[in-house]
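Notes for the one structure printed next.
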Amino acid sequence: MKGNNFSGAIGRMNEAMEDLLNVWQETKLYWNDHNSHLFEENYLKPLYNATRQAVESTRMISDTTRKAVQECTRGPFDIE
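Heads up, the sequence shown is in the numbering used here, so the first residue is 80 and it goes up one at a time.
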């Protein structure tokens, strides 16, 4: 990530989660028993939720950092 550009990280997190969910859907065609349901409940759903939270937090950090950079680079006579 360069400077305050977090969009690449956000995109990679979203893409990785999407890839995992796609592979999981394919896996469920072959593995669909009690253990697969436990795996989904105990690992995949918490991972999905944690990823969503990480993406949202990263967006907030990105916005805050962008605003801070703008304020720090603004000259004393710049008008908003």
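Don't be surprised by glycine CBs; every beta carbon is placed ideally from N, CA and C. Keep in mind it's a predicted model, so treat the numbers as computed, not measured.
- At least 8 Å separates the beta-carbon of A129 from that of M92.
- Per DSSP, L108 lies in no alpha helix (DSSP H) and is assigned neither H nor E.
- About 11 Å separates the beta carbons of R131 and I89, which is beyond the 8 Å limit, so they are not a contact pair.
- Secondary structure note for Y122: it is in no alpha helix (DSSP H), with a DSSP letter that is neither H nor E.
- Taking C-beta atoms as the reference points, L126 and W103 fail to come closer than 8 Å.
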